[in-house]
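Chemist:
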Amino acid sequence: MDPQVCLKRKRELSPTPESSKQVKETELNGVPESEHRSGSRPPRLSLPFDRLQEPVTLKDLTELLQFAALGNTGGLKQPSWCRLHHQRRVSGVSVILLEGLSQAHFYRHYLHFKHLRTKYTSRHCYTPSPGNVISGIFSSEVVNNSPADALGDQKSAQPEGGLRWHPVIRKFGLETRGLTGYLLTQEDMIKKHFPVRGMPGSEGFVCTDSDDCVTDSSPLYGLDCEMCLTERGNELTRISLVDSTGSCVLDELVKPPNRILNYLTQFSGITRAMLQPITTTLREVQSKLKKVLPRDAVLVGHSLDNDLRALNLIHPHVIDTSLLYRREFGQRFKLKVLAETVLKKQIQTEERKGHDPTEDAQAALELAQYFTHTGPRQVVELYCEELWGGSPTIYQPPVNRATSTHNNNRFAEALKSSGQSAVFIGKRADITLDLSNQQWHRSDREVLSSFKRGLESHSFSVVQLSSFSDHLTSMISTDQHYHTMSQRLREMCVVFAGPLPSDYTERDVRRLFRSCGKVRAVRLLNATQRVHAEVEFELLEGAVLAIEMLNGTLLHTRHILKVQRPVKESMLDLDVFLSCLQDDPLNANVIYAAGLKANAKTERLAAKVNGTGLNANAAPEVNETGLNANAAAKVNGTGLNANIAALPAKVNRARLHAKANHSGLLEKVNGTFLNAKAKLAEVNGPGLHAKAKFAKLAELSAEVNGTLLKAKTMLAEIAAEANVGARLHVKTAGLCEEDLCEAFGQYGTVQGVILPAKHSGKQKRRRHAFLKYDSPDTVDAVLSSPVELWDRKVSTRRALTPPHLHSWVTMMTTTGSDRETPDESSQETGREEQEVACVMRKLDRRVGKLFRSLPDNTLSIVLLPGHNSSHGDGLCFLEVKQGSAALSDHAHNLMLPA
1 MDPQVCLKRK RELSPTPESS KQVKETELNG VPESEHRSGS RPPRLSLPFD
51 RLQEPVTLKD LTELLQFAAL GNTGGLKQPS WCRLHHQRRV SGVSVILLEG
101 LSQAHFYRHY LHFKHLRTKY TSRHCYTPSP GNVISGIFSS EVVNNSPADA
151 LGDQKSAQPE GGLRWHPVIR KFGLETRGLT GYLLTQEDMI KKHFPVRGMP
201 GSEGFVCTDS DDCVTDSSPL YGLDCEMCLT ERGNELTRIS LVDSTGSCVL
251 DELVKPPNRI LNYLTQFSGI TRAMLQPITT TLREVQSKLK KVLPRDAVLV
301 GHSLDNDLRA LNLIHPHVID TSLLYRREFG QRFKLKVLAE TVLKKQIQTE
351 ERKGHDPTED AQAALELAQY FTHTGPRQVV ELYCEELWGG SPTIYQPPVN
401 RATSTHNNNR FAEALKSSGQ SAVFIGKRAD ITLDLSNQQW HRSDREVLSS
451 FKRGLESHSF SVVQLSSFSD HLTSMISTDQ HYHTMSQRLR EMCVVFAGPL
501 PSDYTERDVR RLFRSCGKVR AVRLLNATQR VHAEVEFELL EGAVLAIEML
551 NGTLLHTRHI LKVQRPVKES MLDLDVFLSC LQDDPLNANV IYAAGLKANA
601 KTERLAAKVN GTGLNANAAP EVNETGLNAN AAAKVNGTGL NANIAALPAK
651 VNRARLHAKA NHSGLLEKVN GTFLNAKAKL AEVNGPGLHA KAKFAKLAEL
701 SAEVNGTLLK AKTMLAEIAA EANVGARLHV KTAGLCEEDL CEAFGQYGTV
751 QGVILPAKHS GKQKRRRHAF LKYDSPDTVD AVLSSPVELW DRKVSTRRAL
801 TPPHLHSWVT MMTTTGSDRE TPDESSQETG REEQEVACVM RKLDRRVGKL
851 FRSLPDNTLS IVLLPGHNSS HGDGLCFLEV KQGSAALSDH AHNLMLPA
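For what it's worth, my numbering labels the leading residue of the sequence shown as 1, then goes sequentially.
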């Protein structure tokens, strides 16, 4: 479900001392308490729930395969994206490659893949590799970090072994590198959602004039940007760039092209007055950056991907300090924490209004310079306790096995050196493999038979099943096949609604249905006698909730709304499909919550700050002064003293809710009324004729009346500003995990939360989330109870969308319109779909047979490689085959933190 994620990471609720102890024991030992008691420790995979949204690459797979097969024999590290526990007990590794299949194929024919969807409890999107997958696996490089350490005495090996398991050391090793050794690779930049030339989401971005001649002496430039919220999302309002000495070379305010909804002053430091005279545009800033940066410049920043996206800028050579000082499973330290701990500097202090981008850019630059000069090993040793919360020795490696002599070998050579037998079994193709044991066959049936015959003699195997790839080549039109598949996936997320009022617009329909989930598209159908609408959701849950909640709703125009699915042949088995999805192992104990948004009070405060009118919440406080009731008193000259004296007290009560930086405004209000009080005393004094006294009272009454009105406005501003700083961020940033855990945690332990990724300019706020609980009973309690968030009812149901899917509709893209067009050869298309379904059933049965034949404790990976074209991503299935006694514990532990 970036997945700029922003993928959000899981934050735990406040545990009890007893539960903290249990969690700590589990994390340190890497195994549940039940396994300690039984003495049985089968190998298992684990990864955080929200990590399932991030795609897996070929490099990630080879990391896991190498560690599973070779373990600690060559100083190999745990994979960076998951944890394989008790690797020493892994009895073998099996990779099954289903040629020609993509993620879209699996979900289009989901019901036919009975074995794949039930036997494999971990599933990830796979980013297609430009080269051959099989060749990439066997020719991947195995880096032996330091084999001599494994042969050293136990006293010296123990702490260094602990260091190797630290997340920083797993990434960068123990030795200090040059500057180029810490640059993000293009693959890392794609995974971390940096703008990269030619990648989706980077269209229209400007590229800097950089070249490939970056060396260890290339200059570093610190970069930081501040953004505000506009109609199109977060947009740039300020940029700061510092050179390698920390001197500021560029500090510009930028005028966003779209209307600003919120200046985010608490974080950005930007106010309306600051941007009022500014005419500098984003394009002008891009030109200045290109002129200032030399061709071999290296940009440094903290969460630099956000800054580059705000700049609409592509730069290939970057260092991200949030990824240098890395934590487990991609969690990140705040820049303020790193600066305080490592640099001993205080930045982003509370007394300052907003962040200073120049200060932040300098801090990120100094952190990068310190890391590259000091080296990862010394950084970890110096700050492990302060930053990572423990001694390096807590990162203990497995007990050393017999060490092999391979060092920087290819994987095939390393397997041979370690005494393991590897085999590839598949169909003859133009593949060059550095492998002595290759078996070529003409059909999947022969491949399966060959695999079973030699099963006991091979500890590492790659099996290629090519029947579907062969079937694709025999099709008359593969484009028609992909278009039809894309259309069928889209239809599942579509509902028809009506009749609607004649004056209803697409915006009205979107507003009505967005409480069920994110609406991707709305189309009004005016050809019918009454107005109807076609509503397309991003997720299946949105369409299902729309039918469950809105069907039969009485609109304010007394129209009774009917919501229904499309009536088509492809939808006849949808109920069965949804039932199987609900029972999918990946959706176990997961609920979908929709209609999540900030409360009404926060929205009214936001409206005030955005200049849409005075805050209604401040009005009651001002009305307490009895402005209307005081009119008669002003004329008569009686009771005026009391009202003027009481008003500063009213203002002082507002002071309790105001920030310290508003004290000047409050003093001004108090001073105004004290002055009025003095004048009133003068009028009431002796020596004035009654007529003159009445004239002065009338004059003073008019003055006080104007002052009261001004005070009303001031109080409204104070009340609004007092609340906006603390609460407006909830609306602008959308949902945050703490709020959801607080609202949903009352029913049971929330083990993980997945929030939809936010994309600048596409989605202002996030209205749905997925939450994973620890037991089915907790899920039943949530679904049977009304859940409220900020006094607003939340719609919930069991999850249908597996965690790795961001959208059903955009699972694959096809050329041309997604709308269904009349097809003259619909009968031919139906026949081809039946043939494809038959091939899928056979493939699934063969995968089931292969899995059953594997010995217990075998790591099994099934890969649907996908396509590099627009026909969609691949899919990766992971499972460690275990005996029946360990299966229940394994399914529960799969998505727990490692």
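Each residue gets a CB set at the ideal place from its N, CA and C atoms; glycine is no exception.
Because the structure is a prediction, the values reported are computed rather than measured.
1. Tell me whether VAL214 sits in a helix, a strand or coil according to DSSP, three-state version.
2. Starting from ASN306 and walking both ways along the alpha helix (DSSP H), at which residues does that stretch end?
3. Going by other Cβ atoms of all chains shown within 10 Å of its Cβ, with 16 needed for buried, is VAL651 buried or exposed?
4. Alpha carbons only, please: which of PHE205, THR185, ARG123 is nearest the one belonging to LEU45?
5. State the beta-bridge partners of MET227 as determined by DSSP.
6. Do you know offhand how far ARG558's Cα is from GLN186's?
7. With C-beta atoms as the reference, is SER466 less than 7 Å away from SER94?
8. Note down the Cα distance separating ILE425 from ARG445, rounded to an integer number of angstroms.
9. Whether or not the segment 187 to 195 and the segment 378 to 392 are in contact is what I'm after, with contact meaning three or more pairs of Cβ atoms, one per stretch, closer than 8 Å; do they touch?
10. Count the other CB atoms, across all protein chains shown, that sit within 10 Å of the CB of THR57; report buried if there are 16 or more and exposed otherwise.
11. Would you kindly check if the distance between the Cβ of PHE513 and the Cβ of ALA543 is under 7 Å?
12. Tell me where the alpha helix (DSSP H) around THR858 begins and ends.
13. Which residues share a DSSP beta bridge with THR903?
14. Please list the segments of the beta strand (DSSP E) lying wholly inside the segment 95 to 140, counting only runs of 3 or more residues, in order along the chain.
15. Under 7 Å, do TYR120 and GLU879 count as touching if we go by C-beta distance?
16. In the DSSP output, which residue or residues are listed as bridge partners for GLN480?
17. Hey, out of VAL90, GLN66, GLY178, whose CA is closest to VAL142's CA?
18. Specify whether the segment 573 to 589 and the segment 110 to 119 touch according to this definition: at least 3 beta carbon pairs, one from each stretch, less than 8 Å apart.
19. By the DSSP assignment, the alpha helix (DSSP H) with GLY498 in it spans what residues?
20. Which residues mark the beginning and the end of the beta strand (DSSP E) in which TYR182 is found?
21. Grab me the residues of VAL342's own chain with a C-beta within less than 7 Å of its C-beta, minus the 5 sequence neighbours each way, in chain order.
22. Do PRO376 and VAL214 have their C-beta atoms within less than 7 Å of each other?
23. Buried or exposed, going by whether 16 or more other CB atoms sit within 10 Å of the CB of ARG170?
24. Roughly how many angstroms separate the alpha carbons of ARG604 and ARG510, rounded to a whole number?
25. How long is the line joining the alpha carbons of VAL750 and HIS85, rounded to whole angstroms?
26. So, is GLN899 buried or exposed, given that buried needs 16 or more other C-beta atoms within 10 angstroms?
27. Taking just the CA atoms, how far does MET485 sit from SER860?
28. Hey, how far is the Cα of CYS493 from the Cα of GLU569?
29. Does the pairing of the segment 240 to 248 with the segment 267 to 284 give three or more beta-carbon distances under 8 Å?
30. Under the DSSP definition of a beta bridge, which residues are partnered with TRP440?
31. Kindly list the residues whose CB is nearer than 8 Å to the CB of ARG327, restricted to its own chain and excluding five residues on each side of it in sequence; keep chain order.
32. With a 10 Å radius around its C-beta and 16 neighbouring C-beta atoms as the bar for buried, classify GLN87 as buried or exposed.
33. Given this structure, state the Cα-to-Cα distance separating SER210 from LEU740, to the nearest angstrom.
34. With a Cβ-Cβ cutoff of 7 Å, do LEU64 and PRO42 count as a contact?
35. To the nearest angstrom, how far is the alpha carbon of ASP216 from that of LEU299?
36. Pick helix, strand or coil for VAL379, following the three-state DSSP scheme.
Modeler: The structure says:
1. Correct three-state label for VAL214: coil.
2. 304 to 311
3. Because the pLDDT at VAL651 is just 43, under 50, the model does not fix this residue reliably, and the value given afterwards should be weighed accordingly. Answer is buried; the Cβ neighbour count reaches 16.
4. ARG123
5. DSSP output for MET227 lists LEU236 as bridge partner(s).
6. Between ARG558 and GLN186, the C-alpha separation is close to 57 Å.
7. no
8. C-alpha separation (whole angstroms): 12 Å.
9. no
10. buried
11. no
12. Per DSSP, THR858 belongs to no alpha helix (DSSP H); it is in the beta strand (DSSP E), 858 to 864.
13. Residue numbering for the chain in the displayed model covers 1 to 898; residue 903 lies beyond these limits and cannot be assessed.
14. 122 to 126
15. yes
16. In DSSP, GLN480 forms no bridge with anything.
17. Closest option to VAL142, judged by alpha-carbon separation, among VAL90, GLN66, GLY178: GLN66.
18. Yes, since at least three Cβ pairs between the segment 573 to 589 and the segment 110 to 119 fall closer than 8 Å, the two stretches touch.
19. No alpha helix (DSSP H) holds GLY498; the beta strand (DSSP E) holding it covers 494 to 500.
20. It is not in any beta strand (DSSP E) - TYR182 carries neither H nor E in the DSSP assignment.
21. Same-chain partners within the cutoff: LEU367, TYR370, TYR383.
22. no
23. Classification for ARG170: buried.
24. At ARG604, the pLDDT of 45 sits below 50, so the modelled position is not reliable and the matter cannot be decided from this model.
25. Here the alpha carbon of VAL750 sits roughly 23 Å from the alpha carbon of HIS85.
26. In the structure as shown, the chain starts at 1 and stops at 898, and residue 899 therefore has no counterpart that could be examined.
27. 28 Å
28. 15 Å
29. no
30. Answer is GLY426.
31. Take ARG327, set aside five residues on each side of it, and the residues of its chain with a beta-carbon closer than 8 Å to its own are PRO167, PHE333, TRP388, in chain order.
32. buried
33. 43 Å
34. One thing to note: LEU64 has its Cβ no nearer than 7 Å to the Cβ of PRO42.
35. Distance between the alpha carbons of ASP216 and LEU299: 14 Å.
36. helix
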